[in-house]
Amino acid sequence: MTLLYVDCSCGAAGDMILAALIDAGAPLEEVRQTIDRLNLPGVELQAYPIRSFGLKAMRAMVSVSKEHHAHRHLHDILSIIDEARLDSFIRETSIAVFRRLAEAESRVHGIPIEDVHFHEIGAVDTIVDIVGSVAAIARIAPKRIVCSALNTGSGSVRCAHGRLPVPAPATAELIRGVPAYGSDIPFELLTPTGAALLTTLADDFGPLPPMRIERIGSGAGTHDIGRPNLLRVFVGTPCSNHEGTNPPAPVGLDADRVAVIETQIDDMTPECIAAVMEHLLAAGVIDAIVLPIHMKKGRPGFWLQVLTQPTDLERIAGMLLEHTTTFGVRWRMENRIKLPREMRSVETCFGPIRMKIGWMDGKTVQTAPEYEDCRLAAQRHHVPIRRVMAEACATFHLTSAPHDVERKADPA
């Protein structure tokens with residue numbers, strides 16, 4: 000699962016969002032191809048690296064060689080998008096952003112949405128910023144987008160209606176209900192376009208979530224605010240709050256964390272439960288167990304518990320929801336202490352058998368023959384599997400140095 004985090008500590012504008020996404024890996028040529036489909040003559044998207052107070056970033060600019068209407072109604076913009084041959088996600092999401100802008104302007108001015116005039120918002124570069132940003136998002140394809148609290152800046156801004164306080168009325172309407180704050184930077188840091196994009200696209204707002212960051216993109220703004228004027232995006236995969244910070248282990252032992260997923264089921268047959276267990280084990284879980292239980296209304300049922308790596312939590316939980324009749328699962332993270340281990344092959348009269356060996360303080364404290372090796376050897380030689388296991392353990396004990404073996408597993 001791809002996670003995208005947007006850092007708006009210096010605000011957000013459409014060109015900054017677009018530039019950051021391109022810097023994070025969205026292919027510029029594919030974004031340009033999307034813009035070309037809008038059939039806006041003489042319009043070209045440019046993106047090039049710059050430095051902002053010594054920090055590398057990307058800047059996105061729209062060059063217009065032909066005159067275009069600076070004022071448009073919503074239906075004009077929607078027609079441009081509808082008539083373009085765009086991917087359904089890009090078309091529908093771009094329309095949603097513009098509708099959100101129009102609704103904010105409608106509420107601010109107290110007029111029907113059909114009568115809203117898009118001033119700066121209707122300019123060609125803003126159409127390109129919105130459609131281009133959505134196209135870049137489609138290319139990165141995050142499953143979840145989280146955005147920081149929005150820095151609006153301070154002071155005032157000149158627009159078509161005169162000089163207005165920051166945040167501008169339409170921006171204030173757009174960020175209603177999401178975390179936002181002002182700052183001592185005397186500029187409009189959060190534009191209506193930036194606010195509309197982020198409040199439409201973001202699934203949540205808050206601090207940087209636990210994630211493995213794989214790519215970082217920085218988009219530069221045009222104002223000189225006396226410090227780096229950058230919007231950053233982080234692309235990666237989510238991880239648990241404690242992943243990467245395993246609990247301390249006693250000397251000579253290993254420690255990690257595992258995800259425990261549980262559910263109870265009272266409306267599946269044993270055959271179906273067995274099929275679910277096979278599916279989970281084939282999917283690579285650490286372990287899966289099922290126990291018979293007595294549930295409400297006197298019904299017999301099953302208790303399923305699955306242990307898996309924290310990075311697989313969402314995938315395995317989804318499998319349980321898909322392949323069982325449960326409507327929900329519980330999960331938790333648990334610490335685990337385990338023996339350092341290795342696999343070693345021993346030669347027996349039944350052929351090579353792999354042995355799992357557990358160490359502590361430099362000594363072997365656990366040995367266990369690999370079940371599948373023993374099962375296949377027993378089938379080949381037509382002997383009980385317990386005999387193969389006993390032979391493997393005895394061979395390992397005889398071929399290991401006396402000081403190396405403290406205790407071996409009971410083969411019975």
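Taking numbering that gives the first Met the number 0, I'd label the letters of the sequence shown as residues 0 to 411. Beta carbons: idealized from backbone N, C-alpha and C, even for Gly. As the structure is a prediction and not an experimental result, all values here were calculated from the model.
What does Lys296 pair with, by DSSP beta-bridge criteria? Indexing the sequence shown from 1 puts residue 296 at position 297. DSSP, once it has assigned bridges, lists no residue as partnering Lys296.
Could you give the uninterrupted runs of the beta strand (DSSP E) lying entirely in the stretch 207-234, keeping only those of 3 residues or more? 210-219
How is Ala56 classed by DSSP in three states: helix, strand or coil? The count along the sequence shown starts at 1 and reaches residue 56 at position 57. Looking at Ala56 - three-state DSSP - the assignment turns out to be strand.
Counting pairs of beta carbons, one from the stretch 144-160 and one from the stretch 173-192, are three or more of them closer than 8 Å? yes
Run through the DSSP bridge pairs and tell me what Ala179 is partnered with. Numbered from 1 along the sequence shown, position 180 holds the residue referred to as residue 179. DSSP output for Ala179 lists Leu149 as bridge partner(s).
From this set, Val127, Phe97, Leu2, Leu3, which residue's C-alpha is nearest Val30's C-alpha? Residue mapping note: residue 30 aligns to position 31 of the sequence shown, counting from 1. Nearest of Val127, Phe97, Leu2, Leu3 to Val30, Cα basis: Val127.
Buried or exposed for Gly131, going by 16 or more other Cβ atoms inside 10 Å? As a working mapping, residue 131 is identified with position 132 in the sequence shown. Gly131 is buried by the Cβ-count criterion.
Taking the alpha carbon of Lys362 as the point to measure from, which residue in Ser93, His396, Ile264 has its own alpha carbon closest? As a position in the sequence shown, residue 362 is number 363, starting the count at 1. Nearest C-alpha to Lys362: His396.
Would you mind reading off the limits of the alpha helix (DSSP H) that contains Asp265? Looking up residue 265 in the sequence shown gives position 266. No alpha helix (DSSP H) holds Asp265; DSSP gives it neither H nor E.
Out of His72, Thr1, Leu196, point me to the one whose CA is closest to Ile16's CA. Against the sequence shown, residue 16 aligns to sequence position 17. Minimum Cα distance to Ile16 is reached at Leu196.
Euclidean distance between Cα positions of Val107 and Ala219: The residue given as residue 107 occupies position 108 in the sequence shown. The residue given as residue 219 occupies position 220 in the sequence shown. Going by the C-alpha atoms only, they are around 29 Å apart.
Under 7 Å Cβ to Cβ from Gly300, same chain only, skipping five residues before and after it: list those, please. Stepping through the sequence shown from its first residue, residue 300 is reached at position 301. For Gly300, where only same-chain residues beyond five positions count, the Cβ hits under 7 Å are Gln263, Ile264, Asp265, Ile292, Met294.
Round the Cβ separation of Ile260 and Thr307 to the nearest angstrom and send it over; I've been treating them as touching at under 8 Å. If you number the sequence shown from 1, residue 260 lands on position 261. If you number the sequence shown from 1, residue 307 lands on position 308. At roughly 7 Å, the Cβ-Cβ gap stays under 8 Å, so Ile260 and Thr307 are in contact.
Exposed or buried, Met354, counting other C-beta atoms within 10 Å across all chains shown (16 or more means buried)? Translated into positions along the sequence shown, residue 354 becomes position 355. Met354 is buried by the Cβ-count criterion.
By the three-class DSSP mapping on this structure, what secondary structure does Val387 have? Here residue 387 corresponds to residue number 388 of the sequence shown, with the count starting at 1. Val387: helix per DSSP, three-state reduction.
Under the three-state reduction of DSSP, which class applies to Gln45: helix, strand or coil? Stepping through the sequence shown from its first residue, residue 45 is reached at position 46. It is a strand residue.
Where does Cys158 sit, in a helix, a strand or coil, going by DSSP? Here the question's residue 158 lines up with position 159 in the sequence shown. Here Cys158 sits in strand by DSSP.
Provide the residue span of the alpha helix (DSSP H) that contains Ser64, from first to last. Here residue 64 is taken as the residue at index 65 of the sequence shown, counted from 1. Element bounds for Ser64: n/a, residue is neither H nor E.
Measuring only from the beta carbon, is Gln304 closer than 8 Å to any heavy atom that is part of the ligand ZN? Among the ligands in the structure shown, none appear at all, so the ligand ZN cannot be discussed.
What are the partner residues of Asn334, as DSSP defines its beta bridges? Looking up residue 334 in the sequence shown gives position 335. Note: Asn334 sits in a beta bridge opposite Arg256.
Could you tell me the boundaries of the beta strand (DSSP E) in which Arg106 lies? For this step, residue 106 is matched to residue 107 along the sequence shown. That residue, Arg106, is in no beta strand (DSSP E); its alpha helix (DSSP H) goes 87-108.
Would Asn38 be called buried (16 or more neighbouring beta carbons within 10 Å of its own) or exposed? Counted from its first residue, the sequence shown places residue 38 at position 39. Result: exposed.
Let me know the secondary structure DSSP gives Leu188 once reduced to three states. Residue mapping note: residue 188 aligns to position 189 of the sequence shown, counting from 1. Coil, per DSSP.
Within the continuous beta strand (DSSP E) that includes Gly357, where are the two ends? On the sequence shown, residue 357 is found 358 positions in, with the first residue counted as 1. Here the beta strand (DSSP E) through Gly357 covers 350-359.
Might you give, ordered along the chain, the residues of its own chain that have their beta carbon closer than 7 Å to the beta carbon of His322, omitting 5 neighbours on each side? On the sequence shown, position 323 is the one that residue 322 refers to. Excluding residues within five positions, the ones whose Cβ falls inside 7 Å are Val275, His278.
Where does Gln32 fall in DSSP's three states? Here the question's residue 32 lines up with position 33 in the sequence shown. Correct three-state label for Gln32: helix.
In whole angstroms, what is the alpha-carbon distance linking Ile174 and Leu303? As a first step, residue 174 must be located in the sequence shown, where it is residue number 175. As a first step, residue 303 must be located in the sequence shown, where it is residue number 304. If I take the Cα positions, the gap works out to 44 Å.
Which residue's Cα is closest to the Cα of Ile49: Arg98, Leu189, Asn228? Position 50 of the sequence shown holds residue 49. Here the closest residue by C-alpha is Asn228.
Should Pro368 be labelled buried (16 or more other beta-carbon atoms within 10 Å of its own) or exposed? Position 369 of the sequence shown, counted from the first residue, corresponds to residue 368. Pro368 comes out buried.
If you measure between the beta carbons of Leu189 and Ala316, is that distance less than 9 Å? Locating residue 189 in the sequence shown gives position 190, counting from the first residue. Locating residue 316 in the sequence shown gives position 317, counting from the first residue. No. Outside cutoff.
Return the CA-CA distance between Met0 and Ala140, expressed in angstroms with no decimal places. Taking the first residue of the sequence shown as 1, we reach residue 0 at position 1. Taking the first residue of the sequence shown as 1, we reach residue 140 at position 141. Spanning the two alpha carbons is a distance of roughly 9 Å.
I need the DSSP call for Glu369, collapsed to helix, strand or coil. Looking up residue 369 in the sequence shown gives position 370. In this structure, Glu369 counts as coil in the three-state DSSP scheme.
Suppose contacts are defined by Cβ-Cβ distances below 9 Å. Is Arg211 in contact with Gly24 by that definition? The residue given as residue 211 occupies position 212 in the sequence shown. The residue given as residue 24 occupies position 25 in the sequence shown. No, these two residues do not count as a Cβ contact at 9 Å.
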